[in-house]
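Data block below; observations after.
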Amino acid sequence: MATKSKEELSEKMRTPEKPRRHYRRRRSPDSSDNSEEESKPVVKVRHYKHDKGVDRESEEWKTQASITQRRLFSEEQCEIIEKKIEEVVVKASRGDYKDHTVDRAPLRSKYFFGEGYTYGSQLEKKGPGMEKLYRKGEVDDIPQWIFDLVVKPIVKEGLVPEGFINSAVINDYLPGGCIVSHIDPPHIFERPIVSVSFFSDCALSFGCRFSFRPIRTTKPVFVLPIDRGCVTLLR
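Under UniProt numbering, the residue at position 153 of the sequence shown is numbered 153, and the numbers go up by one with no gaps.
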């Protein structure tokens, strides 16, 4: 992920939670019979704090005001990038990356490049602000294809300045996988957070509250549709 400085940003590529219009099939790297499975989108959710006395309409307005979107990547560009992402998955399955580059959970894999950090069950002390960056060299460098195919178009479009992006995270969610509401740690991540959706359309849901066993969620304050190839900036 990213250290906090004027020249740094964390970029996240992901696929979302519930596919909508675009939906392509991808091969499972662990499949021995060459069968294909549907790639469920990854959802990257930023949780908006609920202030007492603030109505939902006001919260929705504040949320929308912090978002910038741009359709930047064409169908052809998406297909090229998606093949590169699949190569990352295969390399990880072979054990080609450093230990902290790959983080696996049931139905979800994360691939950290440039920077990585401790979170969730990895924390010795729980709570906001306890997340810490790994030492330099403990995760793999950002692959050159990410700079060439993803970062350069974003910089060229004027969404972030040259040299701002110093980390990339690929979130790969399998069918049935999900992610709970959270805030990307502000003491680690410089804003804006940049994300791009690949493999399918998706939606970001803001202001959800989760319960588990069985998993349930409250109605979001705001749902943001994200097309495949769309760049989203969260400030």
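Don't be surprised by glycine CBs; every beta carbon is placed ideally from N, CA and C.
First through last residue of the beta strand (DSSP E) which encompasses residue i
i, result
"S195", "I193 to S197"
"S181", "Counting along the chain, S181 falls outside any beta strand (DSSP E), and DSSP gives it neither H nor E."
"C202", "C202 to F206"
"V169", "S167 to Y173"
"R104", "V102 to A105"
Local conformation of residue i per DSSP, three classes
i, result
"I67", "strand"
"T118", "coil"
"V45", "Because V45 sits at a pLDDT of 32, beneath the cut-off of 50, its placement in the model cannot be relied upon, and the point is left open."
"L149", "helix"
"P220", "coil"
"K110", "strand"
"R209", "coil"
"I226", "strand"
"R25", "Its pLDDT being 46, under 50, R25 is placed unreliably by the model, and the measurement read from it follows with that caveat. Here R25 sits in strand by DSSP."
"V231", "strand"
"E157", "coil"
"T3", "Because the pLDDT at T3 is just 45, under 50, the model does not fix this residue reliably, and the value given afterwards should be weighed accordingly. The answer is coil: DSSP assigns T3 none of H, G, I, E or B."
Extent of the continuous alpha helix (DSSP H) to which residue i belongs
i, result
"K83", "E75 to S93"
Selected residue, minimal CA-CA separation from residue i, among the options
i, options, result
"F199", "A65, V155 and E82", "E82"
"D172", "R71, C208 and S93", "S93"
"E60", "R213, F212, R228 and C208", "C208"
"Q69", "S197, I85 and S58", "S197"
"W145", "C230, P214 and E87", "E87"
"R205", "P185, K152, P186 and I226", "Reading the sequence as shown, one finds Ser at residue 205 and not Arg. With distances taken between Cα atoms, S205 lies closest to I226."
"V102", "A168, L224, K132 and D55", "A168"
"G163", "K136, L174, V151 and E157", "V151"
"I179", "K156, L149 and S211", "S211"
"L133", "Y117, H187 and D148", "Y117"
"S58", "G229, V221 and L234", "V221"
Does the stretch 95-114 come into contact with the stretch 129-144, if we say contact requires no fewer than three beta-carbon pairs (one atom in each stretch) closer than 8 Å? yes
Sufficient close CB pairs (3 or more, under 8 Å) joining the stretch 71-88 to the stretch 185-195: no
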